[in-house]
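Here the structure is laid out as structure tokens; the discussion comes afterwards.
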Amino acid sequence: MKKTTLTIFFFLIVFNVFGQNQVKIDSLLQELKTKVSDKEKVDVYNLLADQYTSTDSTKTFNYANQAINLAQQIKYTEGVADAYYQIAWATMLSKKYEKSAKIFQKVVDISQEIQYLKGESNGYNGLGATNYHKQGNFYETMVYFHKSLEVKKKMGDKRGVASFYNNMGFLHSQQNDYSKALVYYQKCLESYEELKDQQNIAYANGNIAIANFSLSNYTQSLKYYNISLKYFEKINDKVSIANLYNNIGLVFYKKSKYPKAITYYFKAMNILEELGDKKGVATSYNLIAAVIYDQGDYTKSLEYHLKSLNINKEINDKAGIAVSYNNIGDIYGKQNDIAMALDYYFKSLKIKKELNNRMGMIRAYISIGNSYTQQKNSIEALEYLQKGLPLSNEIGNHSLSIELYNALGRVYYQLNNYIQAKEYLTKGIKLAQKIDFPTEIRDGSLILSKAEKALGNHKAALASYELYHTTYDSLLGEEKSKQLSQLQVQYETEKKEQEIKSLAQQASIQSLELKQANFNKTIFGIVSLVLLLLGLVLYLVNRQKRLALQQRAQDIEQNLLRVQMNPHFIFNAMTSIQDYMNQGNAKQASLYLVKFSKLIRQVLDNSRSEFISLDQEINMLDNYLSIQNLKRDHPFTFKIEVEDGLIPEEIAIPPMFAQPFVENAIEHGVTSLKEGATIHIHFSIEGEHLVLKILDNGSGIEEAIKVKRKDHVSHAIKITEERIDLYRKMRKKKIAFDIQNLSQGTQVTFTLPFQYV
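Now the structure itself:
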């Protein structure tokens with residue numbers, strides 16, 4: 184399964200606090216009006232310059248220049264160095280790197296001349312940051328940071344040493360060398376634990392968790408995220424708590440534990456919406472969409488991704504826009520619109536190249552390669568997948584390497600190069616087992632079983648197929664979809680209840696104010712309150728109705744399963760298979776055992792889906808009729824037809840309306856015929872509906888009811904009528920069926936809604 188691309192929040196410690204603090208600015212301006220010394224005035228000017236560094240460079244330059252002029256008059260050289268440092272930093276943020284480098288060097292020169300260690304350290308840090316942003320030169324940046332470290336050690340600046348370790352961790356993570364990044368982040372954590380700095384201990388744990396996540400060490404990642412969360416909860420840092428919820432949800436998502444993932448995503452969403460954090464909300468939309476995507480609801484997933492894209496465009500977040508493009512491409516790919524998918528993937532790749540985002544580039548290469556594979560354009564697919572593999576191996580990202588190995592295996596299988604396919608798929612599966620990546624184990628083992636079979640390695644093919652089924656069953660989880668729906672309902676309910684609570688609080692405030700107002704305002708308040716309560720009652724009533732409909736749907740689903748898979752049918756099927764085995768006909772026994780197991784899986788899977796493809800429905804009916812025909816004294820012939828121009832793979836319908844009536848046709852219609860018994864199933868489209876007809880040449884339904892098991896026939900009809908009634912109420916769409924007694928046999932006609940896949 185192709186995973187949707189996801190944005191990860193990085194908890195990087197920012198030691199220079201950018202962002203304008205109006206309270207602090209007002210306090211500093213007030214201090215200038217008091218009787219302070221000239222030296223203190225210089226320090227205040229520099230502090231004011233620092234407050235505007237990232238928001239208003241003009242004010243930074245203004246206050247810094249005032250500091251320089253006054254400091255030079257009183258020969259306060261440290262103040263001059265600090266002012267130049269503020270000017271240099273604002274210049275660098277304006278992307279004037281040549282100029283900022285010269286000013287940072289000036290800070291170093293002045294500080295060395297007067298042995299001002301703090302200024303010298305700041306200057307080296309600034310030179311390192313400028314060099315990194317200007318050229319991305321990893322080694323030159325490290326040289327400056329190490330020079331800064333030497334000065335910090337001379338000063339005995341433990342906090343500055345911790346800052347150095349964090350910066351080195353950041354540099355190595357930007358080089359995708361997460362193993363080295365972990366070493367530095369661990370040293371950073373130890374330094375802050377020694378200083379007992381709770382906030383930075385929280386950030387350091389978060390950075391360690393991210394490095395572990397990038398190395399696919401999900402258990403360790405979760406451990407450090409939870410430690411970080413405890414510290415942020417202590418200091419009540421809501422932004423960081425929300426980011427952590429998203430990151431923890433992402434770990435569970437990678438482990439395919441979707442209900443837990445979406446629980447954390449919704450927790451984050453609630454906080455971010457409350458804080459008005461647009462970038463955070465965009466990321467939460469993206470993460471929630473990924474879970475919905477994996478549940479197969481591509482329309483809903485696209486809706487969330489478009490919300491994320493619109494916010495990212497609004498705030499001009501290029502990295503976020505690139506992620507959204509890739510995700511939207513995934514959805515168009517699932518909907519078989521490959522041209523649109525490729526268009527979005529190439530848009531994403533272009534931005535990722537501009538940002539030099541190597542992990543993002545690999546993700547785009549995988550997406551483009553998979554799309555060309557889907558088009559059976561193997562040459563183009565190989566070109567892009569092979570671009571991604573060396574990059575992935577270079578940065579040591581196991582998850583992406585696994586996806587590339589499996590994708591290359593699929594392409595080589597498509598090219599009938601089974602040896603190369605086996606080589607890549609085996610590498611992918613072994614690595615996926617090592618890091619516990621079940622979806623890729625499942626997908627890779629299925630293709631590998633086919634490659635082994637093509638090579639004549641039947642024992643290995645069987646082993647791979649068994650691995651596929653074992654992994655498939657472990658991922659299926661009967662309650663996953665239900666839990667997801669319950670969580671979504673829970674979220675919507677909590678949100679509504681919060682809105683009601685907010686309205687009630689407003690009404691209470693209005694009530695207190697109205698006590699001092701005139702009689703007309705009092706009447707208005709009472710009427711408003713009554714309307715509010717009436718709205719609340721209507722909401723609760725409607726909610727109760729929805730819950731009742733959901734319960735009714737579950738009851739009908741259980742009854743439907745009992746009608747479709749009754750013990751008598753299962754017993755007959757298994758007895759027939761046993762007879763083949765006793766007769767030594769292992770081939771026939773194996774054939775029908777596979778059909779029977781596939782039928783059981785299809786019925787269980789389809790009963791939980793609102794829509795399935797017409798191709799799946801036809802396949803299930805074919806299996807069912809084949810098994811029903813086993814060892815019958817008087818076998819019947821059957822035919823399943825689709826009208827010309829109707830493509831079963833592109834049509835989706837509500838499942839399992841036909842099967843109870845097919846069973847009736849067999850048991851109460853053609854069973855009395857000793858020869859010439861036929862069952863004909865026909866699918867066609869009329870207007871906006873799909874028409875399903877089931878015809879048999881038996882004794883007719885009226886005769887069948889007189890002769891055999893009237894209760895069984897009525898039960899099937901009753902359940903079908905209940906399903907139709909429920910569907911009309913919940914979906915407001917037309918659905919109907921009709922039973923006609925023919926001169927020879929019975930015809931059942933269904934008018935079903937359908938949608939394009």
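Here the sequence shown stands for residues 184 to 940, where the numbers follow the working numbering.
Beta carbons: idealized from backbone N, C-alpha and C, even for Gly.
With a threshold of 6 Å on Cβ separation, who are the neighbours of residue i within its own chain once the five nearest residues in sequence on each side are excluded?
i	result
A472	S484, Y487 and H488
L397	Contrary to the premise, residue 397 reads as Ser rather than Leu in this sequence. Answer for S397: Y361, listed in chain order.
I834	L797 and F937
L645	none
L878	H863 and Q930
G552	A564, Y567, L568 and A590
A345	C371, S374 and Y375
A634	Y596, Y601, A604 and K605
Ignore the nearest five residues each way along the sequence and tell me which others in residue i's own chain have a CB closer than 7 Å to its CB.
i	result
A364	G352, H355, S356 and A394
E858	H817
K559	Q597
T241	none
Y655	R625
Quick check: the Cα distance between residue i and residue j, rounded to an integer number of angstroms?
i	j	result
S294	K301	8 Å
V464	K530	23 Å
G543	T556	20 Å
Y476	K370	39 Å
F920	L776	33 Å
R906	Q842	14 Å
Y259	K218	19 Å
Y607	Y515	27 Å
V896	E846	A caution first: V896 carries a pLDDT of 47, below 50, which makes its placement in the model unreliable, though a value can still be read off. Whole-angstrom Cα-Cα distance: 9 Å.
F840	L405	45 Å
K450	D480	22 Å
Q603	G592	7 Å
T934	R541	52 Å
K222	F244	19 Å
D526	N539	20 Å
I795	N789	7 Å
N429	K533	27 Å
S411	Y367	17 Å
S657	P621	9 Å
Have a look at the options and flag the residue whose alpha-carbon is nearest the alpha-carbon of residue i.
i	options	result
K278	T313, A385, I251 and V263	T313
L808	F779, G767, I630 and E832	F779
F287	K336, L276, S582 and Y268	Y268
S304	G339, Y280 and N806	G339
K461	K490, F435 and G479	K490
K413	N383, N400 and Y401	N383
F415	L787, N493 and A385	A385
A505	E537, Y939 and K633	E537
I862	G870, K440, G881 and L574	G881
I511	D292, M523 and K421	M523
K781	A756, E793 and Q761	A756
V225	Y246, T238 and N765	Y246
Q799	I257, N453 and E832	E832
I918	N924, Q927 and T903	T903
Helix, strand or coil for residue i, going by three-state DSSP, please let me know.
i	result
E824	strand
H865	strand
N924	strand
F819	coil
S855	helix
S657	helix
V940	coil
D879	strand
V931	strand
L470	helix
V874	strand
T644	Going by the sequence as given, residue 644 is Ala instead of Thr. Reduced to three states, the DSSP call for A644 is helix.
I830	coil
A835	strand
A772	helix
A919	strand
I521	helix
G498	The displayed chain sequence assigns Ile, not Gly, to residue 498. Coil at I498, not helix or strand.
Excluding five sequence neighbours on each side, which residues of the same chain lie with their C-beta closer than 8 Å to the C-beta of residue i?
i	result
Q771	Y763
Contained beta strand (DSSP E) runs [length at least 3] in the region 571-624, N- to C-terminal order | none
Can you give, in chain order, each stretch of the alpha helix (DSSP H) that sits fully within the region 326-377 and has at least 4 residues?
-> 341-357
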